[in-house]
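Trainee: Sharing a structure here in structure tokens format.
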């Protein structure tokens with residue numbers, strides 16, 4: 032089944048304007064997000080070595096996220112921006128992870144849904160950044176990136192279908208979309224993706 036995640040909270044254009052005004056700090060956070068996204072995909076591999084049929088897709092996703100990190104890092108270097116010494120905890124992600132159920136199978140489903148929702152949110156926000164940027168190279172990069180992130184939002188749900196019913200996936204997705212909207216509505220504007 033092809034999923035089309037409909038986020039229930041729309042990020043404002045004011046957020047994108049803020050990001051463009053604090054772009055170097057945003058790049059630092061963006062690089063951290065790409066590193067964490069790559070690690071997350073590989074953590075699914077490490078935690079579920081028995082789920083052989085999803086491992087190749089997870090590895091491919093991890094590699095794509097690592098390429099995104101490299102691309103962001105190259106932009107940072109060109110602008111004289113350095114990586115942060117410490118990767119900060121993302122309160123948005125932390126709140127979503129805290130909503131995941133315990134128990135190996137329930138938690139795996141919830142984590143895959145969270146990954147999908149986070150990728151959808153990233154796609155939405157990268158699209159807004161692309162629309163706001165004036166630099167043509169950066170605009171093109173973020174336009175390409177949001178489309179890639181949007182595809183990732185579907186990947187985790189399609190992988191979940193191999194182990195969970197469509198009903199179970201849709202029920203949890205619906206719940207997480209409501210929770211994520213509530214979390215997003217309270218996020219302050221800062222030089223960060225979330």
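In my numbering, the protein residues as written are 32 to 225. Even glycine gets a Cβ: it sits at the ideal position worked out from N, Cα and C.
(1) Span of the alpha helix (DSSP H) holding residue 179?
(2) Let me see if you follow: with CB-CB separation under 9 Å, is residue 206 close to chain B or not?
(3) Going by DSSP, what residue range makes up the alpha helix (DSSP H) through residue 64?
(4) Using the C-alpha atoms, what's the distance from residue 154 back to residue 64?
(5) Throw me the rounded Cβ distance for the residue 224 and residue 156 pair, which I believe falls under 8 Å.
(6) Among residues of its own chain, excluding the 5 on either side of residue 145, which ones have a beta-carbon nearer than 7 Å to its beta-carbon?
(7) Nearest to residue 142 by CA position, among 47, 165 and 191, is which residue?
(8) What does a CB cutoff of less than 6 Å around residue 66 pick up in its chain, not counting 5 residues either side in sequence?
(9) Run the CB neighbour count on residue 94, radius 10 Å, all protein chains shown included, and call it buried at 16 or more, exposed below.
(10) With a threshold of 8 Å on Cβ separation, who are the neighbours of residue 212 within its own chain once the five nearest residues in sequence on each side are excluded?
Mentor: The relevant details are as follows:
(1) Segment 167-191, the alpha helix (DSSP H) holding residue 179.
(2) The displayed structure is made up of one protein chain only, and chain B is not part of it.
(3) Judged by DSSP secondary structure, residue 64 falls within the alpha helix (DSSP H) whose first and last residues are 54-78.
(4) Straight-line Cα distance between these residues: approximately 13 Å.
(5) Going by Cβ atoms, the distance from residue 224 to residue 156 rounds to 6 Å, so yes, they are a contact pair.
(6) Answer for residue 145: 127, 128, 131 and 207, listed in chain order.
(7) Nearest option by C-alpha distance: 191.
(8) Answer for residue 66: 100, listed in chain order.
(9) Here residue 94 is exposed: its Cβ has fewer than 16 other Cβ atoms, across all protein chains shown, within 10 Å.
(10) So the list reads 38, 39 and 40, once near-sequence residues are dropped.
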